[in-house]
Structure formats: C-alpha cells, structure tokens
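In what follows, a structure is listed as structure tokens, so that the remarks can point back to it.
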Amino acid sequence: MSPDEHAISESVDQMAQEGITSVFLTTMTQRPNLISKSMDTIKMAAENNPRILGIHLEGPFISSKYPGAQPIDYIQEMDIKKLATWYKLSGGMIKILTYAPEVGWSPHFDDYCQVHQIKTAVGHSDATYQLLKNIDIQHVTHLFNAQKGFHHREVGVVGYAMLSKIAKVELICDGIHVSPEAIQIAYQAIGPDRLELITDSMEAKGRPDGMYYLGGQPVDVHAGRAMTADGHLAGSVLKFVDAFKNIMAFTNCSIAEAVKMTSTNQAAEFHLNGKGFLENGYDADLNLFDKHLDLMATYSYGKLLNKD
Ligand SMILES: CC(=O)N[C@@H]1[C@@H](O)[C@H](O)[C@@H](COP(=O)(O)O)O[C@@H]1O
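Heads up, my numbering is the position in the sequence shown plus 28, with the first residue counted as 1.
What follows is the structure, encoded as structure tokens:
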C-alpha cells in the first residue's frame, strides 16, 4: 500500500473508536487532477479495507453562491466526461454526488447517474423547491448547511427536504452546525424514516485545538468548531457516537429511531447488502453500549475492533 492508501485505511479503522463500521469517503471541490488522484487512492485503499464501501463526491459541480468551506476557485461546470473519468478511476465506487442542480442538471446527466447507480444529492445549492420537485431529487446533503434556506414564498432546499415523501435527508447533529431547535424542527417535519445522521468531520477530530487542513485550505479548530480564514464552518469534529447521543438528547427520540437514523436508513438507501440489521447471514457489524449509551465495543464483520 502507498503511504496515502495506508493513511486512509488507518483513519477508517480509527473510526471504529466512535462506532463507525463502514464509510463512504467524501472528497472536496478541488482541481480535477487531485480529484482523480483521490479516486485512485480510495479505490486502492478499499481493496485492502472492507469497511470502505464507497465514495461521496461533494462537488465540484456546486453553486458559487453556497460554497461553504468548499474552495470557490475550484468549482466547475457540470461535465459528464469528468464525472465518467472519476467514476472509472474509482472502479465504480462513487455512490453519491452532491451537486447544485440549478447549475448542472440535464437529462443526459441524470441518465448517466442512474445507469451507474450514482445517487444525486442536492447540496451547496440555490435550487428552488419547484426545480427539486421537477427533477425528483432523492437525497439532501447536510440539511440547512450551505444551501437555500426556507423562505415563506420560496421554501428552497430546506422546504423540499421537509415536504418530500421520499428524499433522504442528512443532518450534522453536533448542535453547532445546526442548533438543537432546528434539529427538533427537522425531526418533527422529516422524521426518523428519512433523516440520516452524518458527521461531516475533518482531520482534526479527536485531536487538540490548532491549525489543520480541509481541501487544501487552513482551518482553525477551537472548542469544537472548525473555521476557515474567511469565517465559514469547515466540516466538524463530531464523533458519530456523539451524533447518536445528541439526536436523542435534542429530540427525545427513541434508541430504535436513533439506530435507524445512524445505520438502517443508510444501509437501505444504498442497498448495502448485509448491513443495517442484525440478522442471520448479515455482516455482524455492531456496537455495544452501556446503560449510559457510552460505546463499549465495536464489531465489524464479527471481529472486535475496539473495546473500552
Ligand atoms: C464539507 C462541507 O462542505 N461542509 C459544510 C461547510 O462547507 C459549511 O460551511 C458548513 C456550514 O454551513 P452554513 O454556514 O451554511 O451553516 O456546513 C458543512 O460543514
């Protein structure tokens, strides 16, 4: 394994400490050749690590109105040829693409994604409710963050996420990206069958405050917040087990619902066979908690990965 593949694989194994048994690794908006390199590196790392199940391409086909922490200089126009190159380099591992449909949608693009089973997600986008409804978007990336918010005459991406009957909706449940009250509203409007918790975390997670990098830009991490120099929240330092606990604390939902939002929904959406349930013949990926819901042990494919 190359040093980069090794580093990726190690960081995925490290995630077992917070109860993560499988991941889609997320790329940033960057120069095309760097995205190409990531595709190849992740593909190679996945050959030796069965916990890497896919890639989430976040950008580069997004709106310059909502870059968030994505480097604005590398936002690109939708280009199916580029997507096809990355898909090939990834060995078919791209499972989800976050993009801004108002700048990039075409029937040809939709066909390409459907044929290659790439889920299209709206994110970093200024799309209107009507556009999202017309193109039947089925996934919303980090609800509320870096997207058109709710206005009473144009309900935008947030309104679409709430009104859709089928779209799965991501939430960064750290109480910083989204306030506990907004999380309650999302829970009441969207519910545990469609919400999916994510971390959106970057390299500083679990490490001391200081300067780190996200997509090649310096990020200052202090007291649980990661900020770019121009003042955008830049990913999180949220541990997945804390997202699991927070959703219960913020919404009063049941453990069963929190389990749904952290595993079953994702497994079902992406047809991850063998994942998401404890059943005969399944992969035996599981977390053990004590009565305070502190994580005691994580098993992946039946093998103990961490222990308190
Ligand atoms: C990897 C990524 O892109 N993450 C986004 C970030 O770009 C955005 O700045 C932040 C806050 O968004 P907000 O200021 O719109 O709430 O949310 C997420 O962390």
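Positions of the beta carbon are idealized from the N, C-alpha and C atoms, including for glycine.
Only a predicted model underlies this, so the values are computations on that prediction, with no experimental measurement involved.
- Burial check for lysine 161: the Cβ neighbour count within 10 Å stays below 16, so the residue is exposed.
- As a beta-bridge residue in DSSP terms, glycine 82 pairs with Phe52.
- The beta-bridge partner set that DSSP reports for proline 246 consists of Tyr241.
- For serine 118, same chain residues with a beta-carbon under 7 Å away, outside a window of 5 residues either side, are Met67, Ile70, Lys71 and Ile83 in chain order.
- Histidine 299 and glutamine 166 have their C-alpha atoms spaced approximately 14 Å apart.
- When DSSP states are grouped into helix, strand and coil, alanine 44 belongs to the helix group.
- Inclusion of leucine 125 and leucine 85 in the CB contact set at 8 Å is warranted, their separation being smaller than that value.
- Residues of the same chain with a CB within less than 8 Å of the CB of phenylalanine 317, apart from the 5 flanking positions on each side, are Leu323 and Met324 in chain order.
- In this structure, the CA atom of lysine 267 is about 17 Å from the CA atom of leucine 242.
- The criterion of a C-beta distance shorter than 8 Å is satisfied by phenylalanine 305 and threonine 292.
- Under the DSSP assignment, serine 92 falls outside any alpha helix (DSSP H); it carries neither an H nor an E label.
- In the DSSP assignment, phenylalanine 268 falls within the alpha helix (DSSP H) that extends over 268-279.
- Excluding the 5 residues flanking it on each side, lysine 93 has same chain C-beta neighbours closer than 6 Å at Asp154, in chain order.
- For threonine 256 and aspartate 237, the gap between their C-alpha atoms comes out near 14 Å.
- Excluding residues up to 5 positions away in sequence, Cys201, Gly203, Pro208, Ile211, Gln212 and Tyr215 lie with their Cβ nearer than 8 Å to the Cβ of phenylalanine 278 in the same chain.
- With a 10 Å radius around the Cβ and a threshold of 16 neighbouring Cβ atoms, glycine 252 comes out exposed.
- In this structure, ligand 1 has a non-hydrogen atom nearer than 7 Å to the beta-carbon of serine 264.
- Annotation: the continuous alpha helix (DSSP H) that includes phenylalanine 137 extends over 135-143.
- Counting other Cβ atoms within 10 Å of its Cβ, histidine 34 stays below 16 and is therefore classed as exposed.
- Three or more beta-carbon pairs separated by less than 8 Å link the stretch 216-224 to the stretch 183-197, which places the two stretches in contact.
- Here serine 207 carries a coil assignment [DSSP, helix/strand/coil].
- Serine 153 has Gln175 as its beta-bridge partners, per DSSP.
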